[in-house]
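Asker: Provided herewith is a single structure, encoded as structure tokens, for subsequent inquiry.
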Amino acid sequence: MEDKDLKENRTDTFPEEQDTAADGPVTLSADGETKTDEAQTAAAGAGAREQEDSATAEASSETAGRDRKKKASGINPDTEDDADEDREDEADGDSDESSGDFADTVEKKLRKHTALPYVIIIPSYLLAAAALLVCILSVLNSRPAPSRGRYTEKAVSGTDKELAEKTKIAAGQAAQARSDAERSRVVRDRLVDPSECEDVTIYIYMNGSDLESWYGFGSEDIQEILDAQSNPHLHILLQTMGTLQWQRFGIASDHSQRFEILDGKLVLADDTLPQLDCTRPETLRDFLAWGSKLYPADRNILILWDHGGGSVDGFGYDEWQGMNDSLTMDELQDALRESGMTFDFIGMDACIMSSIEVCYALYDFCDYCILSEDFESALGWSYGGWISRLASDLTIDTPELAKTLIDDMVLYNQQDYFGASSTLALIDERYIPSALEAWMEFAYENEEKLLKVNYSREVARSGRAHPRVSSVLAQYYITDILALAVSIPSTHTKPLVSRLASCVAYYNCSLDNTGLTGLSVTLPYGDNDFYNSLEEVFARIGINKRYIEWLGSFQTDAAADSYYDYYEFDHDWDGWEDFSYEE
Numbered sequence: 001m002e003d004k005d006l007k008e009n010r011t012d013t014f015p016e017e018q019d020t021a022a023d024g025p026v027t028l029s030a031d032g033e034t035k036t037d038e039a040q041t042a043a044a045g046a047g048a049r050e051q052e053d054s055a056t057a058e059a060s061s062e063t064a065g066r067d068r069k070k071k072a073s074g075i076n077p078d079t080e081d082d083a084d085e086d087r088e089d090e091a092d093g094d095s096d097e098s099s100g101d102f103a104d105t106v107e108k109k110l111r112k113h114t115a116l117p118y119v120i121i122i123p124s125y126l127l128a129a130a131a132l133l134v135c136i137l138s139v140l141n142s143r144p145a146p147s148r149g150r151y152t153e154k155a156v157s158g159t160d161k162e163l164a165e166k167t168k169i170a171a172g173q174a175a176q177a178r179s180d181a182e183r184s185r186v187v188r189d190r191l192v193d194p195s196e197c198e199d200v201t202i203y204i205y206m207n208g209s210d211l212e213s214w215y216g217f218g219s220e221d222i223q224e225i226l227d228a229q230s231n232p233h234l235h236i237l238l239q240t241m242g243t244l245q246w247q248r249f250g251i252a253s254d255h256s257q258r259f260e261i262l263d264g265k266l267v268l269a270d271d272t273l274p275q276l277d278c279t280r281p282e283t284l285r286d287f288l289a290w291g292s293k294l295y296p297a298d299r300n301i302l303i304l305w306d307h308g309g310g311s312v313d314g315f316g317y318d319e320w321q322g323m324n325d326s327l328t329m330d331e332l333q334d335a336l337r338e339s340g341m342t343f344d345f346i347g348m349d350a351c352i353m354s355s356i357e358v359c360y361a362l363y364d365f366c367d368y369c370i371l372s373e374d375f376e377s378a379l380g381w382s383y384g385g386w387i388s389r390l391a392s393d394l395t396i397d398t399p400e401l402a403k404t405l406i407d408d409m410v411l412y413n414q415q416d417y418f419g420a421s422s423t424l425a426l427i428d429e430r431y432i433p434s435a436l437e438a439w440m441e442f443a444y445e446n447e448e449k450l451l452k453v454n455y456s457r458e459v460a461r462s463g464r465a466h467p468r469v470s471s472v473l474a475q476y477y478i479t480d481i482l483a484l485a486v487s488i489p490s491t492h493t494k495p496l497v498s499r500l501a502s503c504v505a506y507y508n509c510s511l512d513n514t515g516l517t518g519l520s521v522t523l524p525y526g527d528n529d530f531y532n533s534l535e536e537v538f539a540r541i542g543i544n545k546r547y548i549e550w551l552g553s554f555q556t557d558a559a560a561d562s563y564y565d566y567y568e569f570d571h572d573w574d575g576w577e578d579f580s581y582e583e
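FYI, in our numbering the residues of the sequence shown are 1 to 583.
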């Protein structure tokens, strides 16, 4: 299973494709150190509330309304007692004026806001000036104090948040509707043509987390990249963040940094960043925007380096953030969409990310994904071989380059002490919408069988599992689509198998992990909380609303602990090269 021949393109079902920082860079050595003043951030807000005269009968309702507005804007109504008393006085003034006591009211206000003695007779022009002064003082007293916070966000009411959320979900479902009509039956052209590229940029979004602070695996991978062959037209950009302690190269732990790999050296390119949160979409978006301005390229590659949590919990565990924080797939979609970039391939050096839902979320942004269906060891990928091969031939075809990456990773994990059972697949994104459509048709037809037995596989978690997953499950459950499909013969099995064969362009695994085939599907057997999270994320990435509602049937515990026995499939399965399905 270690040396797999690259699969030929399958054309039986689908048509063939149509063919710096301001101070300047600083070079770091393995023992070097850099220090910088952390950027200070502050957010302040101030505004003035307009004042209106109102009748006495409406004063009570307006006061309650103002209190609600203050709370929505983060203002404590108790801090504005003086302003409220002013407005009450003005309302009293209106009532007094209508009954002929206007002079007494103004006299009262003058005693409140000034140190003037008791006045018996006041000329009319002085009354007008005093009334104006009262209004000015009321406005000044009603200003909210400036606020400081880690993030400056506009306060919105619950109704506004709900509306924004519904709008976002509706947009995702609209995108899904377009995909049903346009994408499920059409194989799109490639977004990137490697044969015509002159420059290549690799973006490595490295969130060190405990993988670096405890074991130094991030530093080891950086060393592998430094040792790889270089090319003046191959640009490798690295953003470091999310770990309590970087082990080597003088990388700062108290703030994020951006580097270039130049002639085998790690060169500091931007040391002006605060401690960034890797789980926020704008962090990734800004990194891509920075790099694309520095090194615009014909061929872009994005690597996300850290823990993985699957199609629902997403990517990334940042040691400076909460354990439950992660970059969900809809947030990853947002970051990529806002960057305006497309990629030759997007790879995730992380656990359990090779699911059809993850690939669907990335469809518009890359030609291929390189993902692990199973858990990865903390060791992760091997970087030297495939980067050297790309440096020697910038126009190398992506499946050939991916074969080197995948085979090296599997061999690396089999031979190294820290290695473990491993799988890695190259997914051709062009076929994902049609494969998802075929899966849905298969699933609807076989609903009764799917709900009767749990078709997930139990697999042991490993080093690159997101702590949110690790803290909940000692084991994790993966539903391999191909293994499930051939285990339930039906009229929709063969079309689904054909689509899956087109999606999985190359796959390899360690000798002790032959039960998976490269691509999984998410079925929330007996887990109501998991389904609730799934429902939100899947709607936002544009998955069919009917299908999401259909998945709700799996929340019942009826079949959760009754697992299907894949013995027959495991016995017959010997890889994609030798696989054929006969009804």
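All C-beta atoms in this analysis are idealised placements derived from N, C-alpha and C, irrespective of residue type, glycine included. Quick caveat: nothing in here was measured; it's all calculated off a predicted structure.
Taking 8 angstroms as the threshold, find out whether the region 373 to 387 comes into contact with the region 561 to 570 through three or more Cβ pairs.
Answerer: As far as the Cβ criterion goes, the region 373 to 387 does not touch the region 561 to 570, which means the pair count is below three.
Asker: Looking only at its own chain, which residues have a Cβ that is under 7 angstroms from the Cβ of E535, when we skip the five neighbours before and after it?
Answerer: Here residue 535 corresponds to residue number 535 of the sequence shown, with the count starting at 1. Excluding residues within five positions, the ones whose Cβ falls inside 7 angstroms are I548.
Asker: Does DSSP put I432 in a helix, a strand or coil?
Answerer: Start at 1 with the first residue of the sequence shown, and residue 432 comes out as number 432. It is helical.
Asker: Does DSSP put Y205 in a helix, in a strand, or in coil?
Answerer: Along the sequence shown, one-based indexing puts residue 205 at 205. Three-state result, Y205: strand.
Asker: Consult DSSP for L110 and reduce its assignment to one of helix, strand or coil.
Answerer: Residue numbering aside, residue 110 sits at position 110 when the sequence shown is read from its first letter. In this prediction, L110 has a pLDDT of 43, which is less than 50 and means its spatial position is unreliable; what the coordinates show is noted afterwards. If DSSP states are grouped into helix, strand and coil, L110 belongs with the helices.
Asker: How big is the Cα-Cα spacing for L268 and Q555?
Answerer: Along the sequence shown, one-based indexing puts residue 268 at 268. Along the sequence shown, one-based indexing puts residue 555 at 555. Each residue's alpha carbon lies about 50 angstroms from the other.
Asker: Run through DSSP, which three-state label would E50 get?
Answerer: Taking the sequence shown and counting its residues from 1, one reaches residue 50 at position 50. For E50, the predicted model reports a pLDDT of 41, less than 50, meaning its position is unreliable and no value from the coordinates is stated.
Asker: At 4 residues or longer, what runs of the alpha helix (DSSP H) sit wholly inside the region 288 to 346?
Answerer: Counting whole runs of 4 or more residues, the region 288 to 346 contains the alpha helix (DSSP H) stretches 310 to 313 and 329 to 339.
Asker: Let me make sure I understand the geometry here. Which of H307, L371, A505 and W439 has the alpha-carbon closest to that of L482?
Answerer: On the sequence shown, residue 482 is found 482 positions in, with the first residue counted as 1. Considering only alpha carbons, the answer is W439.
Asker: Skipping 5 residues on each side, what residues in its chain have a beta carbon closer than 6 angstroms to that of R449?
Answerer: Taking the first residue of the sequence shown as position 1, residue 449 is located at position 449. One detail in the question is off: residue 449 reads as Lys in this sequence, not Arg. So the list reads I488, once near-sequence residues are dropped.
Asker: What does A425 pair with, by DSSP beta-bridge criteria?
Answerer: Counting from 1 along the sequence shown, the entry for residue 425 is found at position 425. BP columns for A425 point to L371 and Y507.
Asker: Would you grab the beta carbon distance between G242 and W320 for me? Rounded to a whole angstrom, and I think it's under 8 angstroms.
Answerer: Within the sequence shown, numbered from 1, the residue matching residue 242 stands at position 242. Within the sequence shown, numbered from 1, the residue matching residue 320 stands at position 320. That pair is a contact at about 6 angstroms.
Asker: Assign P296 to one of two classes, buried (16 or more other C-beta atoms within 10 Å of its C-beta) or exposed (fewer than that).
Answerer: Taking the sequence shown and counting its residues from 1, the one referred to as residue 296 is at position 296. By the 10 Å Cβ count, P296 comes out exposed.
Asker: Who are the near neighbours of T79 in its chain, counting only those whose CB is closer than 7 angstroms to its CB and skipping five residues on each side?
Answerer: The residue labelled residue 79 in the question sits at position 79 within the sequence shown. Low per-residue confidence applies at T79: pLDDT is 45, beneath 50, and the placement is therefore not dependable, though the value from the model is reported in the following sentence. The answer is none, since no qualifying residue turns up.
Asker: Can you give me the start and stop residues for the beta strand (DSSP E) that I261 sits inside?
Answerer: As a first step, residue 261 must be located in the sequence shown, where it is residue number 261. Run containing I261: Q257 to L262, per the beta strand (DSSP E) assignment.
Asker: Check whether the region 359 to 375 touches the region 419 to 429, taking contact to mean three or more Cβ pairs, one atom from each stretch, closer than 8 angstroms.
Answerer: Touching, yes.
Asker: Among S311, D397 and T279, whose alpha-carbon lies nearest the alpha-carbon of S533?
Answerer: Here the question's residue 533 lines up with position 533 in the sequence shown. For S533, the nearest C-alpha among the options comes from S311.
Asker: Going by DSSP in three states, Y412 sits in which element: helix, strand or coil?
Answerer: Taking the first residue of the sequence shown as 1, we reach residue 412 at position 412. Helix, per DSSP.
Asker: Please state the DSSP three-state secondary structure of E582.
Answerer: By 1-based counting over the sequence shown, the position of residue 582 is 582. DSSP places E582 in coil when its eight states are reduced to three.
Asker: If you measure between the beta carbons of Q245 and E224, is that distance less than 9 angstroms?
Answerer: Position 245 of the sequence shown holds residue 245. Position 224 of the sequence shown holds residue 224. Result no, Cβ atoms of Q245 and E224 do not sit closer than 9 angstroms.
Asker: Can you give me the C-alpha to C-alpha distance between N300 and G419, rounded to a whole angstrom?
Answerer: By 1-based counting over the sequence shown, the position of residue 300 is 300. By 1-based counting over the sequence shown, the position of residue 419 is 419. Computed Cα separation, rounded: 29 angstroms.
Asker: How do the region 197 to 211 and the region 360 to 367 stand: do at least 3 beta-carbon pairs fall below 8 angstroms, yes or no?
Answerer: At 8 angstroms Cβ cutoff, the stretches do not touch.
Asker: T34 to G250, Cα distance in whole Å?
Answerer: Here residue 34 refers to the residue found at position 34 of the sequence shown. Here residue 250 refers to the residue found at position 250 of the sequence shown. Legend: pLDDT at T34 = 41, less than 50; position of this residue unreliable, value from coordinates given subsequently. Each residue's alpha carbon lies about 6 angstroms from the other.
Asker: So, is the C-beta of M241 closer than 9 angstroms to a C-beta in chain B?
Answerer: The structure shown has no chain B; it contains just one protein chain.
Asker: Measuring CB to CB, does D349 end up less than 9 angstroms from W305?
Answerer: For this step, residue 349 is matched to residue 349 along the sequence shown. For this step, residue 305 is matched to residue 305 along the sequence shown. Yes.
Asker: So, under 8 angstroms CB-CB, S421 and S510 are touching, yes? Tell me the CB distance rounded to an integer number of Å.
Answerer: By 1-based counting over the sequence shown, the position of residue 421 is 421. By 1-based counting over the sequence shown, the position of residue 510 is 510. Contact holds; Cβ gap of about 5 angstroms.
Asker: Is the region 496 to 505 touching the region 521 to 530 in the sense that three or more CB pairs, one from each, lie closer than 8 angstroms?
Answerer: The region 521 to 530, when compared against the region 496 to 505, does not touch it at the 8 angstroms Cβ threshold.
Asker: Given that a residue counts as buried once 16 or more other Cβ atoms are within 10 Å of its Cβ, and exposed if not, what is V186?
Answerer: Here residue 186 corresponds to residue number 186 of the sequence shown, with the count starting at 1. Exposed, by the Cβ-count rule.
Asker: Tell me which residues share the same chain as V486 and place their Cβ nearer than 8 angstroms to its Cβ, disregarding the 5 neighbours each side in the sequence.
Answerer: Numbered from its first residue, the sequence shown carries residue 486 at position 486. T493, V497, F569 and Y581.
Asker: Return yes when the Cβ of E338 is within less than 9 angstroms of the Cβ of G314, no when it is not.
Answerer: As a first step, residue 314 is located in the sequence shown; it is residue number 314 there, counting from the start. As a first step, residue 338 is located in the sequence shown; it is residue number 338 there, counting from the start. Taking 9 angstroms as the Cβ cut-off, G314 and E338 do not qualify as a contacting pair.
Asker: Just how far apart, CA to CA, sit P194 and Y431?
Answerer: Taking the first residue of the sequence shown as 1, we reach residue 194 at position 194. Taking the first residue of the sequence shown as 1, we reach residue 431 at position 431. Between P194 and Y431, the C-alpha separation is close to 19 angstroms.
Asker: Let me make sure I understand the geometry here. Which of D277, L234 and I236 has the alpha-carbon closest to that of H255?
Answerer: Here residue 255 corresponds to residue number 255 of the sequence shown, with the count starting at 1. Out of D277, L234 and I236, D277 has the C-alpha closest to the C-alpha of H255.
Asker: CB S209 to CB D318, shorter than 9 angstroms?
Answerer: Here residue 209 refers to the residue found at position 209 of the sequence shown. Here residue 318 refers to the residue found at position 318 of the sequence shown. For S209 and D318, yes; Cβs fall inside 9 angstroms.
Asker: Within its chain, find whatever has a CB closer than 6 angstroms to the CB of E357; leave out the 5 residues flanking it on each side and keep chain order.
Answerer: Here residue 357 is taken as the residue at index 357 of the sequence shown, counted from 1. Answer for E357: S311 and T522, listed in chain order.
Asker: Taking the Cβ atom as the reference point for each residue, do I261 and L226 lie within a distance shorter than 9 angstroms?
Answerer: Locating residue 261 in the sequence shown gives position 261, where the first residue counts as 1. Locating residue 226 in the sequence shown gives position 226, where the first residue counts as 1. Taking 9 angstroms as the Cβ cut-off, I261 and L226 qualify as a contacting pair.
Asker: Buried or exposed: which applies to A239, given that a residue is buried once 16 or more other Cβ atoms fall within 10 Å of its Cβ?
Answerer: Your numbering for residue 239 matches position 239 in the sequence shown. Reading off the sequence shown, one finds Gln at residue 239, where the question assumed Ala. Label assigned to Q239: buried.
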